[in-house]
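From first to last, the protein sequence lines are chains A, B and C.
The opening position of the first sequence corresponds to residue 50 in the numbering used here, with each subsequent residue numbered one higher.
The opening position of the second sequence corresponds to residue 50 in the numbering used here, with each subsequent residue numbered one higher.
The opening position of the third sequence corresponds to residue 50 in the numbering used here, with each subsequent residue numbered one higher.
By construction, the Cβ of each residue, glycine as well, lies at the ideal position given by its N, Cα and C atoms.
This structure is a prediction, so every number in the text was calculated from the model and none was measured.
Shown next, in structure tokens, is the structure this report addresses.
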Amino acid sequence: MKMYREWLKIRTKGPLNFIDITEKVQEIVEKSKISNGMVFLNSMHNTAAIFVQENDPTIFEDMKEFFERILPLNRKYHHDYEGNLNATAHLKTNLIGCFLALPVEKNKLVLGTWQRIFFVEWFEPRERKVLITIVGD
Amino acid sequence: MKMYREWLKIRTKGPLNFIDITEKVQEIVEKSKISNGMVFLNSMHNTAAIFVQENDPTIFEDMKEFFERILPLNRKYHHDYEGNLNATAHLKTNLIGCFLALPVEKNKLVLGTWQRIFFVEWFEPRERKVLITIVGD
Amino acid sequence: MKMYREWLKIRTKGPLNFIDITEKVQEIVEKSKISNGMVFLNSMHNTAAIFVQENDPTIFEDMKEFFERILPLNRKYHHDYEGNLNATAHLKTNLIGCFLALPVEKNKLVLGTWQRIFFVEWFEPRERKVLITIVGD
């Protein structure tokens, strides 16, 4: 078994910018030359998340409205140093997650027909970093 | 270190069908002959989830009512091509998760006393697939 | 590739006790002598969670109020054998998670500038257990 590791840098455009990073992760899997194993994705941030979902903007519209209902911007938060967008971003990250473990077979990501890998910015336009680790043979 | 991989097929009965897959995962761990390592579970679906919980129907009743409160079926969703059950299923999956990484020791799953592995269908009766990967010695 | 495994015991003080376990996990990573790989954390409990977040009490105050809004203690739950704190604890665990997969490089945890590893008790003061597994070279 061997390991390959590479940083993926993501420039986000602002809050609720959903970015499909599947192709970029697949490129790194290919560079690893690892045929069969697992790929781990680790976001280095508390106000951005990483998850698997269909690439359909209507789902992200629903997620946006859902979070505005359960974590409305117009209420008082304790973590208010950087505003309510930041306060709610922290909580959204813990609900959606900041890491993934996905299978690799024949040097390709194994995903369901409608599954894609997304990085979502909850806060401001930022330069974000995800560490990609592939372990296998 | 070696790797063993097998597909687990799950026939679901409809929305909110919580299926205890612990024994099936344990059988695959045994077939792997891997004594110590990790087992990864990856669901290939955006409208079904996989998670660890006690096998107690009252918890699933509470989860059902909780999701009906925060993601009610009788409101307007943007992702409405396949109805509101489908729209809310997408969001529930991101809240609960579609993968697990669990320890294996002495060729057995290491779980807490009350922990079991569940697959939950949020949408329709379907043939679902989970890829099980065991890595270790 | 090799593997190192150790139990981390955590004595919690009661509900909403957020415990920063980053240093303890780092100590176990060092004992493993594994330079590059992944560390897996598995909580053995259904009423306590494990997650990555900034070490800032105001975020935990927000999380507490958020959960009291979406999972209020003063309503009827089906899983009522051990009270509503227990019933809601089960659901909070599935929303926040009970495992992590994090990268290790040069025998150190790779975390973002503001990322720390937290164990949170949702229920009673308890002796809790997290299995730490490090895999790598």
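Residue-level contact to chain A via CB, residue i, 8 Å cutoff
i       : result
G146(B) : yes
Rounded separation between residue i and residue j - CA only
i       : j       : result
F115(C) : T137(A) : 10 Å
G63(C)  : R175(A) : 37 Å
H128(A) : C147(A) : 20 Å
E79(B)  : M52(B)  : 13 Å
Y130(B) : K73(B)  : 34 Å
S81(C)  : W163(C) : 24 Å
M26(B)  : I70(A)  : Missing from the structure shown is residue 26(B); chain B here goes from 50 to 186 and no further.
K160(B) : A97(C)  : The identity of residue 160(B) in the sequence shown is Leu, whereas the question assumes Lys. So the two alpha carbons sit approximately 14 Å from each other.
E117(C) : R124(C) : 11 Å
N91(A)  : N133(C) : 34 Å
N95(B)  : L144(B) : 11 Å
I77(B)  : K58(B)  : 12 Å
L122(C) : I108(C) : 20 Å
N135(C) : Y126(B) : 32 Å
E173(C) : D186(A) : 44 Å
K141(C) : I68(A)  : 27 Å
E110(C) : I83(A)  : 44 Å
H139(C) : P106(B) : 12 Å
I119(C) : I119(B) : 7 Å
N156(C) : N156(B) : 27 Å
Q75(C)  : W56(A)  : 21 Å
W171(A) : W171(C) : 26 Å
M50(B)  : M50(A)  : 6 Å
Chain C contact for residue i (CB, 8 Å cutoff)
i       : result
P64(B)  : no
T182(A) : yes
R69(B)  : One detail in the question is off: residue 69(B) reads as Asp in this sequence, not Arg. For D69(B), the answer is no, since every Cβ of chain C falls outside 8 Å of its Cβ.
Whole-number beta carbon distance between residue j and residue i, since they are thought to touch under 8 Å
i       : j       : result
N85(A)  : E154(A) : 6 Å
L151(B) : L158(B) : 6 Å
R165(A) : Q102(A) : 7 Å
T182(C) : R60(C)  : Wrong, their Cβ atoms sit about 22 Å apart, outside the cutoff.
V184(C) : M87(C)  : 5 Å
F89(C)  : F167(C) : With 8 Å as the limit, F89(C) and F167(C) do not qualify as a contact, their Cβ atoms being about 16 Å apart.
V169(C) : N66(C)  : 7 Å
Proximity test, Cβ basis, 8 Å: residue i and chain B
i       : result
M50(A)  : yes
P174(A) : no
L57(A)  : no
Cutoff 8 Å: residue i Cβ touching any chain E Cβ
i       : result
E176(B) : Among the protein chains in the structure shown, which are A, B and C, there is no chain E.
query: Got a sec: which bits of the region 117-146 of chain A sit with their beta carbon under 8 Å from any beta carbon on chain B, in order along the chain?
result: R118, I119, L144, I145, G146
query: Fully enclosed by the region 71-144 of chain C, which beta strand (DSSP E) runs are 3 residues long or longer?
result: 86-92, 97-102
message: Under 7 Å, CB to CB, which of the residues in the region 83-111 of chain B have a partner in chain C?
response: N85, G86, M87, F100, V101, Q102, E103, D105, T107, I108, E110, D111
task: Scan the region 154-168 of chain B for residues whose Cβ lies nearer than 8 Å to a Cβ of chain C and list them as they occur along the chain.
output: E154, V159, L160, G161, T162, W163, Q164
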